[in-house]
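Taking it in order: structure first as structure tokens, then the write-up.
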Amino acid sequence: MKKTLLLFSFLVISAAEAQTMSTVLAGTNTGIGQSLHPSGIAIHDNFLYAGTGMNANIIYKVDLSQSNTSPSIFISGLGKITDICFRGNYLYASEYNHPNPNRIIRIDVSQPNPVVENVVEMYLPTGLTIYNQYLYARSKNNIFRINLDMPGQEPEVIASDLIGSGTVGLAVIGNYLFVSEREQGKLVKYSLVTPNPTKIVVATGLSSISGIVKGETNNIIYAAIGSSSGEIYRVNTTNGTYTLFVTTPLTMNWDMLYTDNKLYVSDVEGNEVIKIGVNALSVDDVEASKIKAYPVPSSDIVNFENCTFLGLTDVRGKQIDIKSNNAQIDIAPLPSGIYIAKIEAEGKTSYKKIVKN
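Those letters in the sequence shown? Residues -18 to -1, 1 to 339, per mature numbering (1 follows the signal peptide of the UniProt record, and there is no 0), in order.
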């Protein structure tokens, strides 16, 4: 598959709006939320719910309308929760409960004293997604489809040729189920209207791909890289090309949500869920030969060609005071890390990644 990984690819943003990052759920050193390790995440009635991917056996929630990012316990006493999703008031969760039976459960979040209900036992369930009345679940090399309107019906095998361990990377768009193959670095898809569908490779080279989510249109998927790189890519599913969308400061990107022009990302090896504002975002791939920022990485001077430097922020959107002119900046006083340069080219405001070594 063709991949568009321009070293200096950048994002053109209408109304000069940057990719701002903020924490919406954060663990604490002690007490509730200690060692959070959020895995699957979902939003319902303006509450963000997060399963714990390590050993806490808890689903947390936080009110997104409030500035307080400390979570409360929604329910505890579970196995390891790998992914969650909603249908109506029911929260569905894949529960890795070794050595007890692994299963998919559901919980009515509208009840004051929520009760765990068993949906189906399943070997090592990981990613979940719901489309219409069907729940799709990843189990190692298999994808199962469960008709939620027909309790007790045996799960239907949709695919059995996936490679590697399961992740939370599942998304239904139109008549296709998209799946991430983490160890293979691939985004693949299966037809949901064809009996015994064949695996179709959409994009390759996405090493350690984990969570995926439909973006602003039906041909855009955001793909999280589950490694220390913190990268999230924007994939065009029509032609398999992709560009670097943003680099997060998280230890390991895992699950993602996209809603109301905001991207939510969980850090399965860390202690938080962040929100990335992508309001009014459109992406133009500008040829590297035309727009240049160099050297990258740099220990001091970064030069800009065919564009005008406007400002610098860290990856969370905090403005950085820095010595500069329209074509050059000096990053020598800054700590090592990743920064976002705001530039203007051809009348459009854009953003480029700068690395201080």
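For each residue, glycine too, the CB sits at the ideal point set by N, CA and C. Predicted model only: the values in this text are computed from it and were never measured.
- Under the 10 Å beta carbon count, P137 is surrounded by 16 or more other beta carbons and is classified as buried.
- Proximity to Y224 across I203, N157, S192, T230 peaks at I203, based on C-alpha coordinates.
- DSSP places M3 in the uninterrupted beta strand (DSSP E) bounded by 3 to 8.
- If you draw a straight line from the Cα of K335 to the Cα of I322, it comes to about 5 angstroms.
- Ranked by Cα distance from A32, the options Q48, S281, A8, S49 are led by A8.
- For the set I182, Y113, Q135, E165, the Cα lying nearest the Cα of A141 is the one of I182.
- Each of E165, T180, I145 was checked against the Cα of L159, and the nearest Cα belongs to T180.
- The beta carbon of N253 sits closer than 6 angstroms to those of G9, L18, all from its chain and outside the five residues before and after it, given in chain order.
- In the structure shown, the three-state DSSP call for E328 is coil.
- I66 is the residue among I40, L60, I66 whose C-alpha sits nearest the C-alpha of H26.
- Residue pairing by DSSP places N307 opposite Q310 in a beta bridge.
- Rounded to whole angstroms, the gap between the alpha carbons of R164 and G208 is 8 angstroms.
- Nearest C-alpha to E99 among Y113, I57, S121, T64: I57.
- Distances from the alpha-carbon of L316 to those of S280, F286, A327, N285 put S280 closest.
- Counted as a single uninterrupted DSSP element, the beta strand (DSSP E) harbouring M238 occupies residues 235 to 241.
- The three-state secondary structure of V278, taken from DSSP, is coil.
- Taking C-alpha positions only, L144 is separated from D45 by approximately 37 angstroms.
- Distance from the CA atom of N201 to the CA atom of Y78, rounded to whole angstroms, is 32 angstroms.
- Under the rule that a run must span 3 or more residues, the beta strand (DSSP E) segments found entirely inside the segment 123 to 201 read 124 to 129, 138 to 141, 152 to 155, 158 to 163, 168 to 173, 182 to 185, 191 to 196.
- A straight-line Cα-Cα distance of about 8 angstroms links M36 and S21.
- Distance between S306 and D296, taken at the CA atoms: about 16 angstroms.
- When secondary structure is reduced to three states using DSSP, S211 falls in the coil class, being assigned neither helix nor strand.
- Contact between N84 and E103 holds, with the beta-carbon distance rounding to 7 angstroms and staying under 8 angstroms.
- In this structure, M3 sits away from I304, with a CB-CB distance that is not shorter than 8 angstroms.
- K335 is bridged by DSSP to I322.
- Beta-bridge annotation (DSSP): P20 is paired with T34.
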